[in-house]
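With the first letter of the sequence shown counted as 1, position 103 gets the number 208 in my numbering; the numbers rise by one all the way through.
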Amino acid sequence: MKKLPNHVAIIMDGNTRWAENKNLDKNDGHKEGVKKARLAVEFFLENKIKNLTLFAFSTENWGRQRKEVKALLKLFLEAINEQTPDLIKNKVKLNFIGDISRFDKVLINKIKSSQIKTSKYDSKMSLNIAISYGGRWDIEQALKSIVKDFSKRKIKIKNIDESLITDYLSTSLIPDPDLIIRSAGEQRISNFFLWQAAYSEIYFLKKLWPDFNEEDFEEALEEYALRKRKFGVKTGN
């Protein structure tokens, strides 16, 4: 039996380029990207991966054209409405990480509602959607909370270590990713899991996200199974 990751995270890149290559509107690329996100959930659920994180919207994405951002947020709302029933049916727990306070009340309420609805059973998978998320933002908000608790004498300087910082991150209840997959040929993590990815295996593919299929996910798992993880510890090889 091949070694499987406990947590897979995906940087879903290439929707806009895919649309441009086909002379389509950017939103058509994002819509196709949502379809592939759903395929990813189905594939990794079937392969018994316990945790899946999809990097859907970064803090930097707020800098895109207002029209595109508005269309993206509308698409997120539609996707949550359409897919939550299936997540419940398949016992998938939905969790959102990121600065959701920047969204409008309708989307915030839908996010909170979907999290509550998918938390009422023993889940087969935890699906984490990183939305309005950035690795630097995550560390920043953690440090602010630590300073606040320090000022209230809830913690002492001697208690501040890697474990404590991890507990203050938005991912405190999520294990660090074993495997990070990035599409579209870029070989960087682009302000994703800066703290959490310290020892993650990273798998880059040139294929644009809307072109992904099950074979690509299978190849990523096969590649992961071949890698020897050392976590900075000398193993004798």
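Even glycine gets a Cβ: it sits at the ideal position worked out from N, Cα and C.
Between the CA atoms of residue j and residue i - distance to the nearest angstrom
i, j, result
"GLN301", "PHE309", "18 angstroms"
"LEU194", "PHE336", "In the sequence under discussion, the amino acid at residue 194 is Lys, which differs from the Leu named in the question. One C-alpha to the other measures close to 37 angstroms."
"LEU274", "GLU187", "29 angstroms"
"LEU150", "GLN220", "18 angstroms"
"GLU324", "ILE262", "45 angstroms"
"ASN342", "TYR329", "Interpretation of ASN342 is limited by its pLDDT of 48, a score under 50 that renders its predicted location unreliable; no figure is taken from the coordinates."
"ARG332", "SER224", "34 angstroms"
"ALA184", "VAL139", "7 angstroms"
"LYS312", "GLU320", "12 angstroms"
"TRP242", "ALA142", "24 angstroms"
"SER237", "ILE213", "12 angstroms"
"LEU278", "ASP272", "8 angstroms"
"TRP314", "LYS127", "14 angstroms"
Where residue i sits in the DSSP three-state scheme
i, result
"ASN120", "helix"
"PHE160", "strand"
"ALA232", "Residue identity differs from the one stated: residue 232 is Leu in this sequence, not Ala. DSSP places LEU232 in strand when its eight states are reduced to three."
"ASN200", "strand"
"GLU183", "helix"
"PHE148", "helix"
"SER237", "strand"
"ILE286", "strand"
"ASN342", "The predicted model places ASN342 with a pLDDT of 48, which falls under 50 and marks its position as unreliable; any figure quoted below should be read in that light. Three-state result, ASN342: coil."
"PHE336", "coil"
"TYR329", "helix"
"GLU291", "coil"
Exposure label - residue i; buried when at least 16 CB within 10 Å
i, result
"ARG258", "exposed"
"PRO190", "exposed"
"ASN318", "exposed"
"VAL113", "buried"
"ILE116", "buried"
"ALA303", "exposed"
"GLY239", "buried"
Of the residues the options, the one placed nearest residue i, counting alpha carbons only
i, options, result
"ASP316", "PRO110, LYS108, ILE265 and ASP118", "ASP118"
"ILE251", "ARG241, ASN264, ARG293 and ARG171", "ASN264"
"GLY290", "ILE205, SER228, VAL113 and ARG122", "ARG122"
"ILE373", "PHE162, LYS222, ARG171 and ARG241", "This structure cannot speak to residue 373, because the chain is shown only from 106 to 342."
"VAL146", "PRO110, LEU159 and LYS136", "LEU159"
"SER228", "GLU306, LYS153, SER256 and LYS107", "LYS153"
"PHE297", "LYS253, LYS107 and ASN166", "ASN166"
"LYS108", "PHE255, LEU284, GLU267 and SER295", "LEU284"
"PRO110", "SER295, PRO280, SER288 and ARG293", "PRO280"
The segment 227-243 / the segment 199-215 touching (three or more Cβ pairs under 8 angstroms): In short, these stretches touch, since the Cβ pair count reaches three.
Touch test, the segment 123-136 against the segment 168-186, Cβ-Cβ under 8 angstroms, three pairs minimum: Segments in contact, yes.
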